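Below you can see the structure in the form of structure tokens.
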């Protein structure tokens, strides 16, 4: 689930803007979508080539002090949790760069799937008279759940959302000058852009120096990624008109209704589950407290690649605040449970610091299946929710009770009919046939 | 009856059509730089005449008028007003719906307009500074960078109405992007100085105003100098492209209705805006001693700090907004014109329908900043098919040589549809887009989002946020107040400072 971001200036003097500054801040806002690799592609208008600069690690590592970026008014960028992801460059027949989120069903490997897509794109662009028809044709032929931003040597910025609208892509404007496209609206906020719309499912939007054109192709059924609302997106983002924060509060409310527990205090596991806990506490009429302080930078533990990093990540990240939990019965709210090891550590820590009981509530249904669209759900045999009952999970992680949010509850919280959501990782049923 | 019209765009096509529909069955005569096929057809069908000629040369207009001997003249665009066409016609005894040069300053000089508003203490003001050169702008901004914080978030404008171009809004609120935005500000000052070179008729070249946010709208009025009668509010869309992105244009499309008040604004806001426009008319007449005959408009924004706020003033109908108000006007435009010229304009003379109108402009790619690219493309339109869909095509920036029509670099045609609600009208216009084509294959663009439910919801949301804030200010007595505190300086009142500065000249 990379974060992608593109910036496009219009009008006389457009070449005076510096894209790299906007990319830096826009990508920083998307950092939560992946911390293993950061990359930008900057267009050199004189030579008609792209400079791609990539760094393993954080956006701050890519934009480290002293590094010089080529002057460019047009560019795109990507952050990802997978080192193999990156900006794809095609050199012929038409030069282009492409940053994608999700996965087109074109190849087993994600990076290769986007490379195939980029190759198809460049061929179609060369063959067609009108770019927008070429991209629309490509979109109609490719299955999968993905969004991408591509920039061509003709200074076309092509933005596409798959037919189901699985992955988000939001649009913003800065004054009379800049357009910006991002995986999440928080990236638009950070550069001072107003969020002026969304690219729709099955829609192609092309920015060129003289226009913005849109074309929608017939859409199959919609299937928005429910994991975006639970976990991936930042709470200050909007997906279309839906506030991620509001959806998360509703998750907490519904969780409290579905799985009440007796306790003295409700504590959310930072960061994602905090809004769940606020709302759970309100409905349950049990006080909400901050139970943890974080050390070090914000790390998204579920998405870290190795077991070791996960464990060290969680220990660095979450230090329980003893006075908030000592001699209390805790209702602990987390966002998701993958293997159970992070929660196990957390519960253990809390009990050692004096918690009498820990009731664990998870703001999403049990993860039972992989994601064909690029979210790194571990192999099936590593998913605790797949084969272990709630009661057993409680025993394994040392909790006094344990419950997930129901899939119906999740759909209700998001506010979309469940037939317009992809809940494949929770149900094993996907919106289209997947091999 | 004979009427002489001036100007050759989409706005003038709509005015000519309305005049031609009058009970008086007037013969329509027209002068414009290029031949607008729509206006030309109206002239021919009424047994009038169209001639090509400079509309900013009062001598040329008078020469034609002397030949035609019209009952009155009707000026469409702003530049003839600035160049004294109304004054010259009146000197020849031909009455004119069109602002005279002295009162048209309200539009021509954005700096004078703002000074007038502050001098007469009319509501809906913005903080501003004017400069005669880029160098002066640079040095003043440097000087005040620590004491006038509003100068960080500004609109930079040419100080004269100059074809609706050159406005940049720079919000310098992200400290980490400060350098980038500062550089851009600086470059734009230089650009503005160059852009204003041809305009010797104003001393102020660059205008800097505090940046505000909120929904924009235009309130047009008829006035005979004593009474000011409001028309339905219209909202234009200035950004060139979809999603409110891109360069400032003269307007890519406009919405109005149903009724006088736009769906996201209130009756009170209409009334307050009308009061502001009235006060501006009275002020400019008081200052110049000249009577205002014709059309005046407030290009307004609902802002958090002032409520209804003047962004700019027009001395004529907006284009494409004119198409909205003309489509809604039920009264005979000739009757209104005669009442204005008699100085007996009454509110009851001017009636509008309760319909919703959506207008969209179609521009060849290249407009607005690369007009050479947008020029000289042969254009075809199936006007009958458009009519069948329930819409109407108005010719705008084109020229017809008797055989074919070619584009002239700006918005080539404007399509208007009338319906019970805006989204329906928008859909009707959308169904007509493909009936207009450039014969050489060059592409045109328009904004499909104007008038859609989605965009209206955005406007509604924006209006509600601005409204809730300015109404709170009204309640606690801080409407229009700007207070600041600066380290090492203390309390600062930019409003009082500006007033002092204006008083000291």
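Protein chains in written order, with the numbering used here: chain A, -6 to 428; chain B, 15 to 519.
C-beta: ideal position from N, C-alpha, C; glycine also.
For clarity, every value in this text was computed on a predicted model and none was experimentally measured.
Check, Outcome
"Mind listing which residues of the region 248 to 276 of chain B have their C-beta closer than 8 Å to chain A's C-betas, in chain order?", "252, 253, 254, 255, 256, 257, 258, 259, 260, 261 and 262"
"Rounded to the nearest angstrom, what separates residue 454/B and residue 159/A at their Cα positions?", "39 Å"
"Using beta carbons (cut-off 7 Å, strictly below), is residue 301/A in contact with chain B?", "Residue placement at residue 301/A is flagged as unreliable, the pLDDT there being 47, under the threshold of 50; the coordinate-derived value follows with that caveat. Not one chain B Cβ lies under 7 Å of residue 301/A."
"Quick check on DSSP: helix, strand or coil for residue 43/A?", "strand"
"What are the residues of the region 4 to 22 of chain A that lie near chain B, defined by any Cβ-Cβ distance shorter than 9 Å?", "4, 5, 6, 7, 9, 10, 11, 14, 15, 17 and 18"
"Which of helix, strand or coil does DSSP assign to residue 100/A?", "coil"
"What is the C-beta distance between residue 264/B and residue 333/B, in whole angstroms, given that I count them as a contact (C-beta under 8 Å)?", "6 Å"
"I need the straight-line Cα distance from residue 377/B to residue 464/B, nearest angstrom please.", "15 Å"
"Contact criterion: CB-CB distance below 7 Å. Does residue 185/B meet it with respect to chain A?", "yes"
"Find the nearest neighbour of residue 201/B within the set 213/B, 220/B, 190/B and 189/B, judged by alpha-carbon distance.", "220/B"
"Could you tell me which residues DSSP pairs with residue 407/B in its beta bridges?", "429/B"
"Just to confirm the assignment, what range does the beta strand (DSSP E) spanning residue 371/A have?", "From DSSP, residue 371/A is part of no beta strand (DSSP E); its letter is neither H nor E."
"What's the call for residue 499/B, buried or exposed, on a 16-neighbour Cβ count within 10 Å?", "exposed"
"Would you call residue 79/A buried or exposed, if buried means 16 or more other Cβ atoms sit within 10 Å of its Cβ?", "buried"
"So what does DSSP say about residue 437/B, is it helix, strand or coil?", "helix"
"Can you give me, in chain order, the residues of the region 434 to 462 of chain B that have a beta carbon less than 8 Å from any beta carbon in chain A?", "457, 459 and 462"
"Under the rule that 16 or more other beta-carbon atoms within 10 Å means buried, what is residue 250/B, buried or exposed?", "buried"
"In terms of DSSP beta bridges, what is residue 512/B paired with?", "Answer is none; residue 512/B lacks a bridge partner."
"Quick check on residue 201/B - is its C-beta less than 7 Å from some C-beta in chain A?", "yes"
"Please classify residue 301/A as buried or exposed, where buried requires at least 16 neighbouring CB atoms within 10 angstroms.", "Reliability fails at residue 301/A, whose pLDDT of 47 lies under 50, so the model's placement of it is uncertain and the value that follows must be treated cautiously. Exposed."
"At a Cβ cut of 9 Å, what residues of the region 51 to 81 of chain A count as close to chain B, listed as they run along the chain?", "none"
"Would you say residue 544/B reaches chain A, if we count a Cβ-Cβ gap shorter than 7 Å as a contact?", "In this structure chain B extends from 15 to 519, so residue 544/B is not present and cannot be described."
"Got a sec? Which residues, its chain only, sit under 7 Å from residue 22/B by beta carbon, not counting five neighbours each side?", "46, 47, 48, 50 and 53"
"Does the distance from the C-beta atom of residue 32/A to that of residue 71/A stay below 7 Å?", "yes"
"Run down chain B in chain order and give the residues with a C-beta less than 8 Å from the C-beta of residue 184/A.", "188 and 191"
"Which residues bound the beta strand (DSSP E) around residue 123/A?", "It is not in any beta strand (DSSP E) - residue 123/A carries neither H nor E in the DSSP assignment."
"What residues are listed by DSSP as bridge partners for residue 19/B?", "44/B and 88/B"
"Nearest to residue 88/A by alpha carbon, out of 318/A, 107/A and 36/A?", "36/A"
"For residue 205/B, report the span of its alpha helix (DSSP H) as first-last.", "192 to 210"
"Please report the Cβ distance between residue 378/A and residue 326/A, rounded to the nearest whole angstrom; I am assuming they are in contact, meaning their Cβ atoms lie under 8 Å.", "That pair is no contact at about 16 Å."
"Please decide whether residue 166/A counts as near chain B, where near means a Cβ-Cβ distance under 7 Å.", "yes"
"Taking 7 Å as the CB-CB limit, is residue 208/B close to chain A?", "no"
"Using the Cα positions of residue 474/B and residue 23/A, report the straight-line distance between them to the nearest angstrom.", "29 Å"
"Can you look up residue 163/A in the DSSP assignment and give me helix, strand or coil?", "strand"
"Mind listing the chain A neighbours of residue 379/B? Cutoff is C-beta to C-beta under 7 Å, in chain order.", "203 and 204"
"Regarding residue 116/B and the ligand ZN, is the C-beta to nearest heavy atom distance less than 6 Å?", "Here there are no bound small molecules, and the ligand ZN is not part of this structure."
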